[in-house]
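**Q** Residues 1 to 444 in full-length UniProt numbering are what the sequence shown spells out, letter by letter. The C-beta atom is built at its ideal place from N, Cα and C for all residues, glycine as well.
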Amino acid sequence: MKKLFTALLITCFVCISIPAQAASLQDVRSLVEQYYVDELSPAFYEATTIDELMATLDPYSAYFSPMEYEQYVNDIDLESVGIGIYFEQHPDGAYITDTIEHSPAAQAGLVAGSIILQVDGRSLTAMTQEQMSAILRGAAGTIVTLTVQLPTNAMQTYTITRQAFQTPKVSSNLLYGKIGYIALYTFSDDADTLMRRALSNLREQGATSYIIDLRNNGGGYVETAEKIIGMFTNSPLAYLLHTKNQSQLYSSVGTYRKFPLNSRLLVNEYSASASEMTAAALQDQQAAILYGQKTYGKGSMQQFLNFSDGSYLKLTIATFTGPNGKTIHEKGVIPDIVTTSPLEDAHFDALTEKLQYAIQPTLTKDAHSSSLYIVHKQIANTAKNRYHFVQLGTDKKLEFSAAKSGKRYARLTFNEPLKAGATYALITEATDTQPGKIQKIIVR
1 MKKLFTALLI TCFVCISIPA QAASLQDVRS LVEQYYVDEL SPAFYEATTI
51 DELMATLDPY SAYFSPMEYE QYVNDIDLES VGIGIYFEQH PDGAYITDTI
101 EHSPAAQAGL VAGSIILQVD GRSLTAMTQE QMSAILRGAA GTIVTLTVQL
151 PTNAMQTYTI TRQAFQTPKV SSNLLYGKIG YIALYTFSDD ADTLMRRALS
201 NLREQGATSY IIDLRNNGGG YVETAEKIIG MFTNSPLAYL LHTKNQSQLY
251 SSVGTYRKFP LNSRLLVNEY SASASEMTAA ALQDQQAAIL YGQKTYGKGS
301 MQQFLNFSDG SYLKLTIATF TGPNGKTIHE KGVIPDIVTT SPLEDAHFDA
351 LTEKLQYAIQ PTLTKDAHSS SLYIVHKQIA NTAKNRYHFV QLGTDKKLEF
401 SAAKSGKRYA RLTFNEPLKA GATYALITEA TDTQPGKIQK IIVR
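1) Give the secondary structure of Y270 by DSSP, where H, G and I count as helix, E and B as strand, and everything else as coil.
2) List the residues that DSSP assigns as beta-bridge partners of R264.
3) Got a sec, what are the start and stop residues for the alpha helix (DSSP H) Y221 sits in?
4) Pull the bridge partners of S61 from the DSSP assignment, please.
5) State yes or no: is the C-beta of P290 within less than 8 Å of the C-beta of Q303?
6) Starting from N201, trace the alpha helix (DSSP H) in both directions and tell me its first and last residue.
7) Using CA atoms only, rank isn't needed, just tell me which of T49, T48, L53 is closest to Y36.
8) Can F320 and L214 be called in contact, C-beta distance under 8 Å?
9) On a CA-only basis, which of L194, L174, K227 is nearest residue 517? Give me that one, please.
10) May I ask which residues mark the beginning and end of the alpha helix (DSSP H) holding M67?
11) Output the residue ranges of the alpha helix (DSSP H) runs that lie fully inside the stretch 339–371 and measure 4 residues or longer, sorted by chain position.
12) With DSSP as the reference, label F307 as helix, strand or coil.
13) Can you tell me where the alpha helix (DSSP H) with V28 in it begins and where it stops?
14) In terms of residues, what are the limits of the beta strand (DSSP E) holding D120?
15) At which residues does the alpha helix (DSSP H) containing S405 begin and terminate?
16) Who does A126 pair with in a DSSP beta bridge?
17) Alpha carbon to alpha carbon, how far is K169 from R197?
18) Which first and last residues belong to the beta strand (DSSP E) in which A94 is found?
19) For G206, which residues in the same chain have their Cβ closer than 7 Å to its Cβ, ignoring the five residues on either side in sequence?
20) What are the boundary residues of the alpha helix (DSSP H) that includes L53?
21) Answer yes or no: the CB of A280 versus the heavy atoms of the ligand FMN, is any distance below 7 Å?
22) Mind checking which residues open and close the beta strand (DSSP E) that includes E88?
23) Any idea what DSSP makes of E39, helix, strand or coil?
24) So, with DSSP's three-state summary, where would you put R411?
25) So the alpha helix (DSSP H) Q107 belongs to, where does it begin and stop?
26) Shortest alpha-carbon distance to V81 belongs to which of T161, Q285, Y95, F307?
27) Which residue's Cα is closest to the Cα of Q283: S300, T159, S263?
28) Look at the alpha carbon of S172 and the alpha carbon of G180, and state the distance between them as a whole number of angstroms.
29) For H242, list the residues DSSP reports as bridge partners.
30) Using the C-alpha atoms, what's the distance from L124 back to A106?
31) Thinking C-beta only, is L426 closer than 8 Å to Y387?
32) Can you round the beta-carbon distance between S209 and A350 to whole angstroms, since I take them to be within the 8 Å contact cut?
33) Drop a sphere of 10 angstroms on the beta-carbon of V443, count the other beta-carbons inside from all chains shown, and report buried for 16 or more, exposed for fewer.
34) Thinking V148 and S114 are a contact (beta carbons under 8 Å), I'd like their distance in whole angstroms, please.
35) Can you give the Cα-Cα distance for L392 and D27, rounded to whole angstroms?
36) Cβ atoms of A287 and A238: under 8 Å apart, would you say?
Here it is, written out as structure tokens:
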């Protein structure tokens with residue numbers, strides 16, 4: 001499962017040179033008056049500093065110093081200097097959900113489930129996620145000391161040297177049944193190229209249908225979203241843009257390499273901005289089936305305006321909807337299939353569609369079970385060859401032995417216990433006299 005949670009944004013770069021050594025309050029006020037999508041409050045005109053002025057606007061508008069802007073762009077490209085962890089805000093500090101492979105944190109032995117309580121003696125209690133991220137980052141080669149509460153509740157101190165690292169933008173693999181899986185972590189300026197490469201590689205491996213994962217993808221460049229939407233069959237439209245003066249329908253950017261119509265798209269509550277633009281476009285045009293949870297609900301678009309000193313004004317200049325006009329901002333995109341296990345459900349449906357087997361009632365098993373009884377009227381010594389037991393969302397096929405149990409049952413005994421929280425599929429191949437079957441098994 002993907003765990004990356006990136007910046008929630010959509011950006012359109014526009015360069016406007018301001019003839020000054022640094023941005024003045026009047027410079028910023030003038031640009032806001034010209035481009036800002038919403039009505040301005042009296043407090044906007046009463047502001048005496050840039051910070052006060054920006055505080056009157058929506059939460060996605062901001063003024064960046066040159067250094068802050070550089071870090072912002074690095075976040076989109078998933079480039080950073082720090083210790084290399086994924087974390088969530090916790091009342092006591094930074095709760096580690098995972099570490100980045102080969103990062104300083106992984107090399108130091110930090111593990112998921114731990115809570116960073118202090119950084120260089122500074123408590124993280126009551127800090128926002130952004131504030132925690134800021135103090136965990138630093139120049140490459142600098143040393144940071146962490147006070148950590150381990151999953152066992154034991155306390156431990158780690159001394160870690162910050163390093164530059166880049167997290168993956170796209171990952172892909174072939175799931176059981178020749179189902180291609182592609183996870184997109186950010187809409188960086190090269191994400192569409194990486195997606196096309198992944199699609200081509202999976203196709204060469206024999207993939208016939210695809211699952212595209214946008215869970216926890218917080219957005220990126222709108223131009224990239226236009227290109228990725230264009231990678232899907234029957235998706236000529238990208239979004240409907242609403243500025244302060246007009247509304248305009250924008251097209252996707254077509255490509256010769258397309259996902260087929262039976263593609264499935266995964267989203268969750270952290271799929272935002274460009275992810276929501278993509279999800280809405282594909283849903284409106286029935287170009288993919290959406291699985292998961294309602295998305296974040298950020299349907300606004302920001303534009304960057306630069307000053308001659310290298311600082312930038314990030315300003316909300318429009319809102320967008322899907323091509324059919326359904327509101328996204330503060331509403332989100334509701335998937336076609338609402339589920340808490342979207343990858344497993346999409347994989348099961350893709351297998352069912354490919355095999356055209358009869359779906360059997362879903363079974364629930366206890367964790368650590370090592371056997372399963374199934375109905376089978378005639379069990380031959382070779383009956384095992386008809387059965388395939390697959391962990392959904394993976395390419396893993398479990399090994400087992402099969403034996404007759406009474407007149408109507410076969411007992412499948414697995415070489416390893418079933419995993420808690422996993423979902424499996426039992427596939428019974430068709431014969432000349434018996435139809436094929438597929439059954440979902442959920443392990444609690």
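**A** Reading from the atomic positions:
1) In the three-state DSSP reduction, Y270 falls in the coil class, being neither helix nor strand.
2) R264 is bridged to I211, I289.
3) No alpha helix (DSSP H) holds Y221; the beta strand (DSSP E) holding it covers 219–221.
4) In DSSP, S61 forms no bridge with anything.
5) Per the sequence presented here, residue 290 reads as Leu, with Pro not at that position. In this structure, Q303 does not lie closer than 8 Å to L290 by Cβ.
6) Counting along the chain, the alpha helix (DSSP H) containing N201 begins and ends at 191–204.
7) Ranked by Cα distance from Y36, the options T49, T48, L53 are led by L53.
8) Against a cut-off of 8 Å, the Cβ pair of L214 and F320 comes out as no contact.
9) Lying before the first or after the last residue shown, residue 517 is absent from the chain, which here runs from 1 to 444.
10) Element bounds for M67: 66–76.
11) Under the rule that a run must span 4 or more residues, the alpha helix (DSSP H) segments found entirely inside the stretch 339–371 read 342–355.
12) Coil, per DSSP.
13) V28 -> alpha helix (DSSP H) spans 25–35.
14) Note, D120: premise wrong, no beta strand (DSSP E); not H, not E.
15) Residue range 400–405 is occupied by the beta strand (DSSP E) that includes S405, with no alpha helix (DSSP H) assigned at that position.
16) Bridge partners of A126: none, in fact.
17) Answer to the nearest angstrom: the Cα atoms are 12 Å apart.
18) Going by DSSP, A94 is part of the beta strand (DSSP E) stretching over 93–99.
19) Shown here for G206: same chain residues with a beta carbon closer than 7 Å to its own, the five before and five after excluded, namely K178 in chain order.
20) Per DSSP, L53 belongs to the alpha helix (DSSP H) from 50–54.
21) Here there are no bound small molecules, and the ligand FMN is not part of this structure.
22) Residues 85–90.
23) Three-state DSSP puts E39 in coil, outside helix and strand.
24) Looking at R411 - three-state DSSP - the assignment turns out to be strand.
25) Where Q107 is concerned, the enclosing alpha helix (DSSP H) stretches over 104–108.
26) Of T161, Q285, Y95, F307, the residue nearest in Cα terms is T161.
27) Restricting attention to S300, T159, S263, the CA atom closest to the CA of Q283 is found in S263.
28) S172 and G180 have their C-alpha atoms roughly 7 Å apart.
29) Partner(s): S247, T319.
30) Cα to Cα, A106 sits roughly 21 Å from L124.
31) One thing to note: Y387 has its Cβ within 8 Å of the Cβ of L426.
32) That pair is a contact at about 5 Å.
33) That one is buried.
34) Contact check for V148 and S114: beta-carbon distance about 5 Å, within the 8 Å limit, so the pair qualifies.
35) Taking the straight line joining both Cα atoms gives about 56 Å.
36) Cβ atoms of A238 and A287: not closer than 8 Å.
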